[in-house]
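As structure tokens, the structure follows; a few thoughts come after it.
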Amino acid sequence: MKNFTPSPAQQQIFDSQKKNMVISASAGSGKTTTMIEYITRLALSGVKVKRMLVLTFTKAAASEMKEKLMMSLMNLSDNETLQNQIDDLFTSDISTIHSFLEKIIKRNLNAFPYLEGFRIIDEKESTSLMEEAFEDSANEFKQKCEHEFYDLFTSIRSNETIKDMMFNLTSYLAAQADKEKALQKLANYDENHALAKDYFKNVLLNMIADIRKELDLISTENEKLAPYIDEMKRAYSFTSDDAREIVKHYDGDITFPRAPNLRDESAKSFIEDFKQKHSEFTKFLKNLCYDNDEIWEGRKNKILTKEIFDLYQIFEKNYREKKIKNNVLDFNDLELNAEKLLDDETILQQLQENYDFVFIDEYQDTNPVQEKIVKQIAQKGRFVAIGDPKQGIYGFRNATSKIIIKDSQDFEKLSDGETHYLSTNYRSDKKILNFVNNLFSKVMTQKTANIDYKASSMLDGEKQAPKAGDAAVEILVTPGLKKAKATPTQDYDIYADSLSVGDDSSLEAKVIAVKVDQMLARFFVDPLNGERRKVQPSDIAILVRGKSGNFQNILNELKKKEIPYVCSIKTDLSDKAHSNLIKQLLTLCVDKNDDIALASFLLSPLCLVSMDKLSLMAEKKGRSLSEVIYSSNDEQIKSNLKRLEKFKTDCMFLGAKEALEKYFIEKEFFVYLKSQLGEEEVSEVESLLQIIGNFENDKDVPALLSYLSSDIGQANVSGANAVMVSTIHASKGLEYPIVFVTQTGSSIVKNDASVFKESEQFGFGLKCFDEDKASLILQAIKRENKIQNRVDELMVLYVALTRAKSHLIVTGTINENNIFDYNENDFLSLKSNMQMILATAPENAGAKVEYIDEVESLSPAIKRVEIGKADEKLVSKINDYLNFIYPYESQTLVKQKTSVTEIASDHPVLTAAQNTLAEEGTAYHEALRILDFEKIEKVEDVEKQLIELKFNENYLKIVDFNIIFANILLIKPFIKNKQIIKEKEFTMSLKSGQDNILVQGTIDLYLKGEKNILIDYKFTRETDEKKLILRYKTQLDLYKQAIEQAEKINIDEIYLISLKNSKIIKYKNN
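Counting with the numbering used here, you get residues 1403 to 2472 for the letters of the sequence shown.
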């Protein structure tokens, strides 16, 4: 890249010749910039871009990587070699890991029982197939093993629980590097039970040793205290190799010795502390229930575990067969099938020989099977993994930061490997870095998180800009508290206690809104250009842990102050009745016969159909409710169904958000909500509409429904000048000048009521259902998970705090008795992030800590200012400045990147009729993309294939099968003995005047063979051939140029097909 000066750490990376490398890049350290520069330098040195495999975890990241690399190479393209490298980017393997795996599966499809044109299904469709598979599997299990079936289902007493076991096992095993070995480990009850016994023996012995160690440190100079300590040492002297014997001894007749009457305050404090530890120890013992044979011997759970895995084998088979029958794969299949594919030495060798370098981004978000696949492919080349182990926040997706941590440690010991650390921060103000370093150097250690933050990750930066008032870091604690010292609770019960937080969590929301309002009245120095300007809403991000707790209060308070905001957090559509109505409306767009959705719609305030009327319809036997409703002659119902059809059409052409708003305004729905239920309900619905509008394509209702059903949104949802309200997960990779990290007083202690768990260490743990207690295996898993959950929460906090550039405001509610001075042994006792922050003395790192009893304490008094007579000369100068017109404004409209369609089009603004035509064109294009031309001999084949391929239901209503068939007949003569390439996306550099610009587009169809043929589809009413060629000449020329540059072939013939008129026109390129 031009004008790029690498840091010493970056230069070491670029100079490295090691085969294996991990780059541990802390937040804001220029991870993407480093990767782009590294790849650019490799390209300059002669390494071909097409011999590099670059894997990311999101499509957005892959697209950004490709574009930035394109720009980097274009800035240096002074020779033919680099121009060829730029052209190779078109077909380079820079993609998400799942896109890459899909591609290698398609190349070797004959190794799998799937047909060409298979689909990757989303989570919702996958769940639906799994539901079917479970029902079939339960029946099959009953037929094959009737006794075991009844034993399992009557012991657990919940079909849903058993179904969840099947689903969880499927997800867990799919992420393991060796699925069969992992399955054997889970099912090996005897081994896992013995491990759990040994684990608790060691836990108990360590607890006893810690207590005795502390007793040894106590001074015995006090004569009254010495006998007391000796007695306690005797009480804690028993040990055994049998965990059950240890529990039995200490949970039996042991009594706490009588305390002496002491005047010495330190001695009194010691006795009280020790009583607390003794109490915690005995409470821990009670959970282990030494007198419960089932917990310690586990005979019943051994039988149940075998039955569960017998059922799982049947379930796994049925789910696999259903996917094959429907010609679909889920995301787990991409990884598992690719893993199996690499067992073929020939295929593995071919892949290995394709790449000199294998890069993997966001390495901390990798799972074991992904790690195995990528490392296998990289065996003959060089492996470069980049990520940040402190940002491993996707453990719930079976990703694990343990992989990057282990590789970082292992590579440093290898002769052909090394680990590099990037800790220079280019994002945040130095005072923010000081605060972050002060906190994490104390709480993120080798002992607590297997990461020595102080040794490897201290953030360094010189960035320091004038502030928009107040300190760079502010900690606002509600309700108002006076700092007090308190002894941390050391209770480490298997079942986590609930946390008591502050009484008035709504106060925190009010404080946030007031603080945002104050910020918007201030000026600050823009981090991008160094210019002083007023703070804008889009400069501010409010990060929340989730949509529970104080989230809705924050939105309501922002709305009261008329502060514009966008929200990336999706609402659970079943949380509120009127949010659920939106779900039902969207569901009816996809499946009009959904009885529940249809009934909910008709009973809603939009229709006001009575329950009595629907009940009478539901009583008609032999027909579904939807059949009765659609055949009804009731005028009220017919009228509402007609309006529903209009809504479905509006969704197709206007998008879901606009269609919903139009419908709600027409029915005065918002007026109803406000009058009947208040502003909060209106705010809920408006927030959901905003999220729908932010979706990338809200005309695609099935995709929208799937998106709204998932857990995590994307934070970069809008370019509007508004405050961003986002989850911390969604903000990862983003940055903002001013960041509020909220809800830090909320409990980080998770109450785990699970009745089963999977674990790499302890296998499969079950509750003892007859005893209503956790088995030893389950208790061991939960205990280890509790430790990992605490580390996960620490990483989430790290991500949140490192998003801020200039200002960081941390808010949270906490009780006075939860504040204490921190030491490393307190890590597992921490109840909230705010408790942890305050315990690490943030004032010493320059943070301003404020305890707030009431909002008014934040609001400065407004001063009245007398305004005198205006200075006429100054007014004139200001007017000249405000009325200035830039003489070269037209030049600012030149795009850095544009599409072929935009270059070729003379009509950038479409009429409503043109929009309708465009929608029809999209439907026909999509049909031609997925259809297998060679298998179509008659019109009926078109309809059959589209239905089998689950073609979009809305598109099915638009397309005419006869028109599609007629156009396929035009294409078929050209495809004999040709390689067919459909819907090929490209990005290329193009000379426009004196400038290079990036052009992107999608080529409908080209055929490679003895003659190379380009075919482009157009859906237009125009019938004049000359006019069509004239209109699309530029576009066809650009497509030709793109293919020839990328494929290094000549296009011999070009054809334009007018789909609406079923006409093919040959284009002569002169």
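Think of the CB as a built atom: it goes at the ideal place given N, C-alpha and C, for glycine as much as any other residue. Since the structure is predicted, the reported quantities are computational estimates derived from the model, not experimental observations.
Below 7 Å CB to CB, which residues in the same chain sit around residue i once its five sequence neighbours on both sides are set aside?
| i | result |
| --- | --- |
| E2355 | V1992 |
| P1929 | A1867, P2139, K2207 and S2208 |
| N2472 | The predicted model places N2472 with a pLDDT of 49, which falls under 50 and marks its position as unreliable, so this point remains unresolved. |
| Q1986 | A1999, S2002 and F2003 |
| C1691 | I1697 and K2175 |
| E2245 | V2251 |
Rounded to the nearest angstrom, how far is the Cβ of residue i from that of residue j, given a contact under 8 Å?
| i | j | result |
| --- | --- | --- |
| T2146 | V1845 | Not quite, the Cβ-Cβ distance comes to about 13 Å (not below 8 Å), so this is no contact. |
| K2250 | I1877 | 7 Å |
| G2165 | K1587 | 5 Å |
| G1789 | L2178 | 36 Å between Cβ atoms; not a contact. |
| V1838 | L1816 | Rounded, the Cβ-Cβ distance is 31 Å, inconsistent with contact. |
| S1970 | S2156 | No, S1970 and S2156 are not in contact; Cβ-Cβ is about 29 Å, not under 8 Å. |
| L1517 | N1729 | 5 Å |
Is the CB-CB distance between residue i and residue j below 8 Å?
| i | j | result |
| --- | --- | --- |
| S2464 | L2372 | yes |
| K2442 | L2458 | no |
| K2420 | Y2434 | yes |
| S2034 | N1995 | no |
| A2058 | V2103 | yes |
| K1603 | I1648 | yes |
| I2254 | V1879 | yes |
| V2361 | A2325 | yes |
| S2278 | S1859 | no |
| Y1828 | G1783 | no |
| A1464 | S1497 | yes |
| T1572 | E1718 | yes |
| V1456 | D1758 | no |
| I1914 | E1959 | yes |
Can you find the residues in the same chain that come closer than 8 Å, C-beta to C-beta, to residue i, ignoring five residues on each side of it along the sequence?
| i | result |
| --- | --- |
| L1491 | V1451, K1468, L1471, M1472, L1475 and T2389 |
| A1411 | H1822, Y1823, L1824, S1825 and T1826 |
| M1567 | I1710, Y1714 and F2158 |
| T1802 | T1768, N1769, P1770 and G1794 |
| V2084 | F2072, L2075 and K2076 |
| I1393 | A question about residue 1393 goes unanswered here, because the residues of the chain that appear run from 1403 up to 2472. |
| L1438 | Position check: residue 1438 holds Ile in this sequence, whereas Leu was assumed. Cβ neighbours of I1438 beyond the five flanking positions: M1403, M1467, K1470, L1471 and S1474. |
| M2019 | L2027, V2030, I2031 and S2034 |
Below 6 Å CB to CB, which residues in the same chain sit around residue i once its five sequence neighbours on both sides are set aside?
| i | result |
| --- | --- |
| E1582 | none |
| A2061 | F2049, D2052 and C2053 |
| G1819 | K1420, N1422 and F1813 |
| S2161 | I2183 |
| P1515 | I1726 |
| D1905 | Annotation note: pLDDT 41 at D1905 (below 50); position unreliable, coordinate value reported separately. Hits under 6 Å: none found. |
| S2120 | The predicted model places S2120 with a pLDDT of 43, which falls under 50 and marks its position as unreliable, so this point remains unresolved. |
Could you work out which residue in the options is closest to residue i when comparing CA atoms only?
| i | options | result |
| --- | --- | --- |
| Q1938 | E2047, D1919 and V1730 | D1919 |
| F2171 | E1696, L2107, E2037 and Y2357 | E1696 |
| I1716 | D1745, C1547, K1961 and N1510 | C1547 |
| F1761 | A2448, L1444 and E2446 | L1444 |
| F1459 | T1563, L2358, Y1796 and L1744 | Y1796 |
| I2445 | T2436, I2405, I2431 and Y2469 | I2405 |
| E2173 | L1990, A1589, K2429 and I1558 | I1558 |
| K1792 | A1851, A1637 and K2352 | A1851 |
| Q2381 | F2335, E1773, L2079 and E2021 | F2335 |
| L1922 | D1941, S1639 and I2130 | D1941 |
| K1912 | V2257, G1948, L1841 and D1644 | V2257 |
| L2168 | L1554, L1744, F1502 and A1915 | L1554 |
| V2143 | R2185, K1963 and I1944 | I1944 |
Q.
Can you confirm whether the segment 2122-2129 touches the segment 1850-1859 when touching is taken to mean that 3 or more C-beta pairs between the two stretches lie within less than 8 Å?
A. no
Point to revise | Stretch pair the segment 1431-1440 + the segment 1730-1744: three plus CB contacts closer than 8 Å | key: no
Do the segment 1588-1608 and the segment 1744-1761 meet, that is, are 3 or more Cβ pairs less than 8 Å apart?
no
- Message: Using 8 Å as the cut-off, can you tell me whether the segment 1523-1537 makes contact with the segment 1763-1782, which would need three or more C-beta pairs spanning the two stretches below that distance?
- Response: no
key: Inter-stretch contact (C-beta, 8 Å, three-pair minimum) for the segment 2040-2048 and the segment 2004-2012   = yes
Can at least three beta-carbon pairs, one atom from the segment 2149-2157 and one from the segment 1674-1690, be found at a separation below 8 Å? no
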